[in-house]
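Below is one structure, written out as structure tokens; comments come after it.
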Amino acid sequence: MPYPESLKKLIKKVEATRPARVERKKAGQEFEAVDVEDRDELLRKYHPDYRKGTRREIKVGPSKGYSISNEIVDLLEARSRIDPGLIDLSEPDYDTDLLVIGGGGAGTSTALIAQENGVEVTIATKLRHGDANTMMAEGGIQAASKGWKDSPYYHYLDVLGGGHFKNVPQLVKRLVNNGPDAIQWLESLGAMFSKESDGTLKTMHGGGTSRKRMHFAADITGAEIMRTIRDEARSREEDIEVIEFNPAVDLVLDDKGRCAGAILYNLETREYHYVRAKAVVLATGGCGRLHIQDFMTTNHYGATADGVVMAYRAGVPVSFLHTVQYHPTGVVYPEQAEGILITEKFRGAGANILNVDGEQFVYEREPRDVEAACIIRECSEDVGKGVPTPTGKVGVWLDSPMIDLLKGEGTVGREFPAKHILYERYGIDISREPMLVHPTLHYQNGGLQITESCETNVPGLFASGEVTGGVHGENRLMGNSLLDVVVFGRIAGKAAAEFVKKKGETGKPTLEHVKQYNQELDKEGVDTDRIAPMILPDYSNPEVRKRQLTTEYQGTIRG
Amino acid sequence: MTAKNTSQAPSEEMVPIFVMGERFDVPASLTIQKAMEYAGYQLIRGCGCRGGVCGACGTVYRTPGSYRLEVGLACQTVVQPGMYLTLLPFFPGNRAGYDITEMEGTGEEVAELYPEIFKCIGCNACTQSCPMDIDVMQYMARAIRGDVSGVAELSFDCIMCGLCASRCPAEEVQYNVAILCRRLHGRNLVPAADHLADAVESVEGGRFDEPLQELMDMEEKDLIKIYRDREAEPDNAEDDWVPEDRDYVVSRSERD
């Protein structure tokens, strides 16, 4: 849908202030950033993490008493999808060295490195191989690759500053030190990074960066990385088996308390299968599809926190889950694109954020939590300067046409081809008209506790990527999630392979921990019929659901 | 606050659509994907990123009074009155086996792995069936000519949904040819980044271990001071910009 007259009138105000803003940008005059000392108060007042009544303490499990989002607690205070007593563990349906749960960036990187270290790998994934938030990451991947002006030292400082200085130092050190090597690995696999003709990687700023270290592949960096490593996994199909449409629903331990595989649920035949493995890597990604606080999300259809649920039941504590990342700029209009990510790269390239009067109210390269809080403040009743949409929502302008004025005609079309095409379908030319955006649920900052070798406290159980917590502290910076999945995916692959090779006989497999977890729920008075993992969100029409009255299954025909 | 993205639409005009022949009346502003959910489907196949980049929801459809077969992504395409459609969530495709590290990036190598590229009859059905508006036939022509980089550049926006292969009378699997060419291009046909190799070498030499350890051991208040005082590369700086404080970067003399 092209912008209606009401919005076109408001766009005139943006156009009126644009020439002066472009001049200021060219002169290097930026809108004043929020001082690091003032960030706390701003976040407490306007960031969704601090809204009253949106969190509660978990009543059971290894992080009992930890207060996190209700939507995540709901899943932790839920029963297994299966009656553990009914699963036959005497003969495995699949037998493998290493089971990787999740087929996104972290899982696939893990699989490749594990295979190189001499073990057989099985990837089990909920949807298709590559169906993951990695595929959707647009803006870029950070790494200190330009030694004359940058180094892991500055990258470390930026990561800590973004994370409120709460990050786990050892994890951050691994992230930043392994950054250049991660990019070089991707380059060697043939990922098409945007480069100068002499091979120099193009880099730019992101929110909270002190040096331009964001590498990118146009505006589909994640897709380019994902399709490249997936293709490489397909080249090694003799050693890397991929089981699609088979999410894991519970981990299996052995009688020595080590991880011994998982139970998979076949989404099409509705069977449960036991995969026996000498070690397991959880790489299940994040939780955007839980729609925390009813926020729209940029996340993939399958982002439902499955890995956190399974590992928590098996005894792995969680941390940093009290913060959730809201990406400052998700589409709020047109309605068809609601929630879709508008990469931070637009702001990195110079596009201002503006209120209903076409005025700046925030520096466009703040860390994400600060940026999002400022936008929410501008749209709040306190300030009341948000842009009303025809569908009754409110947003702010992202002034993309500035980019062509700053960097030359055609830059928007060339550097942001995917978004340019997307908006063209709605009759909006984003090199001429600004975009209407609002913060959108984007990233699970926290998750499972791991060591710098991606080990959890359960022997034989490793984790990498968004399912883990600590490296990003309380707030992740742009471009550090793609780096996270590649760096820690590779570390997990090596560590898990070493574990597999050293491990002796797997003991007797058991789901006793699941039974015990259910008992603990009873003991703590959690009376619920909720089941978890959720696997997929349900967007079907509630009016239709009311008429879905089948009382029992007949074969696989659903009730 | 904004509402979560469900299939619920505000009260508005309803239009009929036919999902694999079955009629449903759905709000006119919905995408095909949300319209199917509105109708009561819970999607398993045919739904991925919901944002137009993953290629899970390729859809073919026709509209009343037109002989043309049209294509789109279900998550991006708004319903049209009377359209009849089916998702094509999977299409079998041939993929050649190769070890990329043993290849040089020549057109001959590509032709050897995918000899069927020469069967192309130039019908243009692939280009017409691409929901990303890629000129598929043109990049296949480049493949036939042995122009690997040309294929890579023209196919860059490919989401590998498979619609091109589904329409190809020559039984080509265009998107697999394309990813091979992109990888060969990225690996062999553009120069590797020298500065990246230098950066890896510095890290491996332990150049930053000590400074990082100092940061790791530091009190939060001291860290905050260093963070706040750190020098920022200006937005409009050229790539060869050098900071004033060069203690923690590798100076040119150190490198040479």
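Sequence order for the protein chains is A and B. This note's numbering puts the first residue of the first sequence at 1, with every later residue one more than the last. This note's numbering puts the first residue of the second sequence at 1001, with every later residue one more than the last. Glycine included, each C-beta is placed from N, C-alpha and C at the ideal position. Keep in mind the model is a prediction, meaning the values are calculated, not measured.
Can you pull the chain A residues whose beta carbon is under 8 Å from the beta carbon of residue i, in chain order?
{"i": "B/T1031", "result": "Q336"}
{"i": "B/I1100", "result": "L189, G190, E232, S235"}
{"i": "B/G1146", "result": "Ordered by position in chain A, no residue passes the 8 Å Cβ test against B/G1146, which lies about 18 Å from the chain."}
Residues of chain B with CB under 7 Å from residue i, in chain order?
{"i": "A/R476", "result": "Under the 7 Å cutoff, chain B gives no residues; its nearest Cβ is about 16 Å from A/R476."}
{"i": "A/F117", "result": "In the sequence under discussion, the amino acid at residue 117 of chain A is Asn, which differs from the Phe named in the question. Chain B residues near A/N117: none, gap ~17 Å exceeds 7 Å."}
{"i": "A/G473", "result": "Within 7 Å Cβ-Cβ: nothing; A/G473 doesn't reach chain B, min ~11 Å."}
{"i": "A/A314", "result": "Simply none; closest approach about 26 Å."}
{"i": "A/F488", "result": "Neighbours of A/F488 on chain B: none; closest Cβ ~16 Å, over 7 Å."}
{"i": "A/M135", "result": "C1049, V1053, C1054"}
{"i": "A/R425", "result": "Q1076"}
{"i": "A/P417", "result": "D1157"}
{"i": "A/K173", "result": "L1212, M1216"}
{"i": "A/I340", "result": "G1051"}
On the three-state DSSP scale, how would you describe residue i?
{"i": "A/G161", "result": "helix"}
{"i": "A/I263", "result": "strand"}
{"i": "B/E1012", "result": "coil"}
{"i": "A/Y363", "result": "coil"}
{"i": "A/K604", "result": "Since the first residue shown for chain A is 1 and the last is 559, residue 604 of chain A is missing from the structure and cannot be characterised."}
{"i": "A/Y560", "result": "There is no way to answer for residue 560 of chain A, as the model of chain A reaches only from 1 to 559."}
{"i": "A/E455", "result": "strand"}
{"i": "A/L341", "result": "strand"}
{"i": "A/M204", "result": "strand"}
{"i": "A/K195", "result": "strand"}
{"i": "A/H322", "result": "coil"}
{"i": "A/H472", "result": "coil"}
{"i": "A/W185", "result": "helix"}
{"i": "B/R1207", "result": "coil"}
{"i": "A/F416", "result": "coil"}
{"i": "B/D1247", "result": "coil"}
{"i": "B/P1169", "result": "coil"}
{"i": "B/T1006", "result": "Residue placement at B/T1006 cannot be trusted, given a pLDDT of 44 that sits under 50; what the coordinates show is reported in the next sentence. It is coil, neither helix nor strand."}
{"i": "B/M1001", "result": "Model confidence at B/M1001 stands at a pLDDT of 35, short of 50, so the residue's coordinates are unreliable and nothing is read from them."}
{"i": "B/A1056", "result": "coil"}
{"i": "A/Q449", "result": "strand"}
{"i": "A/G559", "result": "With a pLDDT of 44 at A/G559, under the threshold of 50, the predicted position of this residue should be treated as unreliable, though the coordinate-derived value follows. The answer is coil: DSSP assigns A/G559 none of H, G, I, E or B."}
Residues of chain B with CB under 9 Å from residue i, in chain order?
{"i": "A/F31", "result": "Ordered by position in chain B, no residue passes the 9 Å Cβ test against A/F31, which lies about 12 Å from the chain."}
{"i": "A/G199", "result": "V1190, P1191, A1192, A1193, D1194, H1195, L1196"}
{"i": "A/G105", "result": "Within chain B, no residue comes near A/G105; the closest Cβ sits about 13 Å away, beyond 9 Å."}
{"i": "A/Q184", "result": "A1192, A1193, L1196, A1197, A1199, V1200"}
{"i": "A/D615", "result": "With chain A represented from 1 up to 559, any question about residue 615 of chain A goes unanswered, as that position is not in the structure."}
Whose Cβ in chain A lies nearer than 7 Å to the Cβ of residue i?
{"i": "B/F1208", "result": "S151, P152, Y153, N177"}
{"i": "B/P1064", "result": "Those within 7 Å of B/P1064 in chain A number zero; the least Cβ separation is about 21 Å."}
{"i": "B/P1243", "result": "K149"}
{"i": "B/G1040", "result": "S540, N541, V544"}
{"i": "B/M1160", "result": "R227"}
{"i": "B/L1163", "result": "By Cβ distance, chain A contributes nothing, its closest Cβ being about 15 Å from B/L1163, past 7 Å."}
{"i": "B/G1097", "result": "S235"}
{"i": "B/A1152", "result": "M192"}
{"i": "B/I1017", "result": "None at all; the shortest Cβ gap to chain A is about 14 Å."}
Kindly list, in the order they appear in chain B, the residues whose Cβ is closer than 8 Å to that of residue i.
{"i": "A/I421", "result": "M1132, D1133, D1157"}
{"i": "A/G350", "result": "D1235"}
Since residue i and residue j are thought to touch, with beta carbons under 8 Å apart, how far apart are those beta carbons, to the nearest angstrom?
{"i": "A/S464", "j": "A/G447", "result": "Contact doesn't hold; Cβ gap of about 10 Å is too wide."}
{"i": "A/F462", "j": "A/V252", "result": "That belief does not hold up - the Cβ atoms of A/F462 and A/V252 are roughly 15 Å apart, past 8 Å."}
{"i": "B/I1100", "j": "A/S481", "result": "Rounded, the Cβ-Cβ distance is 26 Å, inconsistent with contact."}
Relative to the ligand NAP, is the shortest distance from any of its heavy atoms to the C-beta of residue i smaller than 7 Å?
{"i": "B/F1208", "result": "The model depicted lacks the ligand NAP and carries no ligand whatsoever."}
Check your understanding: Which runs of the beta strand (DSSP E) spanning at least 3 residues fall entirely within the stretch 229-294 of chain A, listed in chain order?
Key -> The stretch 229-294 of chain A contains these whole beta strand (DSSP E) runs: 240-243, 248-254, 259-265, 272-282.
Practice item. For the stretch 86-165 of chain A, list the alpha helix (DSSP H) runs that are entirely contained and at least 4 residues long, ordered along the chain. Key: Whole alpha helix (DSSP H) segments, 4+ residues: 105-116, 133-136, 152-162.
Point to revise | Against chain A: residues of the stretch 1072-1093 of chain B by CB proximity under 7 Å | key: Residues of the stretch 1072-1093 of chain B whose Cβ lies closer than 7 Å to any Cβ of chain A, in chain order: Q1076, V1078.
Check your understanding: When you check each C-beta in the stretch 252-282 of chain A against every C-beta of chain B, which residues fall closer than 9 Å?
Key -> Along the stretch 252-282 of chain A, the positions whose C-beta sits under 9 Å from a C-beta of chain B are L267, E268, read in chain order.
**Study point:** Ordered list of beta strand (DSSP E) runs contained in the stretch 2-64 of chain A, each at least 3 residues
**Key:** Complete beta strand (DSSP E) runs here, min 3: 55-57.
Point to revise | Selection of the stretch 1210-1228 of chain B by Cβ proximity to chain A, strictly under 7 Å | key: Answer in chain order: P1211, L1212, L1215, M1216, E1220, L1223, I1224, I1226, Y1227, R1228.
**Study point:** Complete beta strand (DSSP E) runs within the stretch 1012-1037 of chain B (minimum length 3 residues, chain order)
**Key:** You should have 1014-1019, 1022-1027.
**Study point:** Contained beta strand (DSSP E) runs [length at least 3] in the stretch 1060-1101 of chain B, N- to C-terminal order
**Key:** 1070-1073, 1084-1087, all fully within the stretch 1060-1101 of chain B.
**Study point:** Inside the stretch 1178-1225 of chain B only - alpha helix (DSSP H) runs reaching at least 4 residues
**Key:** Listed in chain order, they are 1194-1204, 1209-1217.
Check your understanding: In the stretch 294-310 of chain A, which residues sit with their C-beta less than 9 Å from some C-beta in chain B, listed in chain order?
Key -> Closer than 9 Å at the C-beta level to chain B, one finds these residues of the stretch 294-310 of chain A: D294, F295, M296, T297, T298, N299, H300, Y301, G302.
Check your understanding: Which runs of the alpha helix (DSSP H) fall wholly inside the stretch 372-419 of chain A and span at least 4 residues, in chain order?
Key -> Within the stretch 372-419 of chain A, the runs of alpha helix (DSSP H) at least 4 residues long that lie entirely inside it are, in chain order, 401-407, 411-415.
Exercise for review: Mind listing, in chain order, the continuous beta strand (DSSP E) runs of no fewer than 3 residues lying wholly within the stretch 499-533 of chain A?
Suggested key: You should have found no qualifying run.
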